[in-house]
Amino acid sequence: MKAEPILGLLVVIFAAGWMIFLSYRKKSSEGRATFRRITAINRLRSAVGLSVEDGSRVHISLGNGDLNEASNPSGLAGVDTLQRIGQLSSASDQPPVCTSGNGGFTLLSKDVLRMVAGETQSTEMFDADHGRMAGATPFAYVLGTLEVMNEPAVRTNVFMGSYGAEVGFLTTAAEENGAFTLAASDSIVAQSVFLATAREVMLGEELYAVPAYLVHRSSHVASLKTQDLLRLIISGALLLGLLLKLAGIA
Numbered sequence: 067m068k069a070e071p072i073l074g075l076l077v078v079i080f081a082a083g084w085m086i087f088l089s090y091r092k093k094s095s096e097g098r099a100t101f102r103r104i105t106a107i108n109r110l111r112s113a114v115g116l117s118v119e120d121g122s123r124v125h126i127s128l129g130n131g132d133l134n135e136a137s138n139p140s141g142l143a144g145v146d147t148l149q150r151i152g153q154l155s156s157a158s159d160q161p162p163v164c165t166s167g168n169g170g171f172t173l174l175s176k177d178v179l180r181m182v183a184g185e186t187q188s189t190e191m192f193d194a195d196h197g198r199m200a201g202a203t204p205f206a207y208v209l210g211t212l213e214v215m216n217e218p219a220v221r222t223n224v225f226m227g228s229y230g231a232e233v234g235f236l237t238t239a240a241e242e243n244g245a246f247t248l249a250a251s252d253s254i255v256a257q258s259v260f261l262a263t264a265r266e267v268m269l270g271e272e273l274y275a276v277p278a279y280l281v282h283r284s285s286h287v288a289s290l291k292t293q294d295l296l297r298l299i300i301s302g303a304l305l306l307g308l309l310l311k312l313a314g315i316a
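Residue numbers (the numbering used here): 67 to 316.
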C-alpha cells in the first residue's frame, strides 16, 4: 500500500480528533477566541440587522453543486450560514429564503429553516417554500434564483456554494437592484467572477469561517483553530523540505 493514502488518512484522523478535543474542552480553560477582523462579515452582520429593522428579507444561495460530489463542503458551509442568519433574523417578520440547484441541498435548507423556527419559537413564520429548488441545471438555476432576487422584499444576498461563470448574472443583478451582496465559493472561476461583479467577496478558506464569525460556537471555533494548526504544520513541512534540499539531503 502506498504511503500517500495512509498519510492522508492520518491527517484526517488527527484533524477530526483535534477538533473534537477543542469542541468539548471546558470553557474555563478555553478562554475567549480572538478572530481576525474580516470586514465583509461585519458588513453582513450589519445587513442582517438592518433587514430585521426595515422588514426586508435575506436570500441565501447555495449554488448548483451536488451534495454527493467533492464540491459539497462549500454548499454545506452555506447551509450552516443559513442557520446562523435564521437565528440572527428570528425577530423579523420576513424569514430568510434559500435557493439551491440540488435536491439534497433543498431538503437540507428546508430542514434547517424548520429547526431554526423551532429553536426561536417562531414556528408560525415557517414556510417550507422558503427552501426552494431553483433549477436543476446551471442556467435554469440562474433563472429561478433571479425570480427570487427580484422580489421587492429581498435586500440582502449571500452566495455560498459551487458555481460556474453563469453566477455573474446573479451578482450583477443583485448590484443593479442595490442589494447588499456577499459572495464566496470554492470555485476559482466563480471567485474571479465575484471579484468583478460582487460588492463583498471572500476568498479561499474564508468561506468556511463565515458561520463561526456569525455565531461563536465551540465547534466552529475548534474548526478555525484546527485550520490554523494544519496551515502551520504544512508551512513547517515545506520549510523543512526546502532546508533539507539546500543542504543536499535527498
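Each residue gets a CB set at the ideal place from its N, CA and C atoms; glycine is no exception. In this text, all values refer to a predicted model and were calculated from it rather than measured experimentally.
- Counting along the chain, R150 sits inside the alpha helix (DSSP H) bounded by residues 138 to 154.
- No Cβ-Cβ contact shorter than 8 Å links I104 with E242.
- V77 carries a helical assignment under DSSP once its states are collapsed to helix, strand and coil.
- Excluding its 5 nearest sequence neighbours in each direction, S251 has C-beta neighbours in its own chain below 8 Å: G129, S140, F225, M226, G227, S228, Y229, V233, Q257, F260, L273, listed in chain order.
- With 16 or more neighbouring CB atoms inside 10 Å of its own CB, Q149 falls in the buried class.
- In the three-state scheme derived from DSSP, where H, G and I count as helix and E and B as strand, S89 is classed as helix.
- Annotation: the segment 167 to 222 contains the following complete segments of the alpha helix (DSSP H) (minimum length 4 residues), in chain order: 169 to 185, 204 to 215.
- Measuring C-alpha to C-alpha distances from A239 to each of I254, L295, A262 identifies A262 as the nearest.
- By alpha-carbon distance to M191, the top candidate from L73, A157, Q293 is A157.
- Going by C-alpha positions, L280 is about 13 Å away from L248.
- Around the CB of S112, fewer than 16 other CB atoms lie within 10 Å, so the residue is classed as exposed.
- Taking a cut-off of 8 Å for Cβ pairs, the segment 164 to 179 and the segment 192 to 204 touch, as three or more such pairs fall below it.
- Under the three-state reduction of DSSP output, R109 falls in the helix class.
- For the pair L133 and F171, the CB atoms are nearer than the 8 Å cut-off.
- Counting the other CB atoms within 10 Å of its CB gives L174 a total of 16 or more, which places it among the buried residues.
- Annotated three-state conformation of V281 is coil, per DSSP.
- Taking the Cα positions, G144 is about 8 Å away from I126.
- With respect to Q153, E119 sits apart: the two C-beta atoms are not nearer than 8 Å.
- Excluding the 5 residues flanking it on each side, L309 has no same chain C-beta neighbour closer than 8 Å.
- The alpha-carbon of L304 is positioned some 30 Å away from that of L142.
- Counting the other Cβ atoms within 10 Å of the Cβ of K176 gives 16 or more, which makes it buried.
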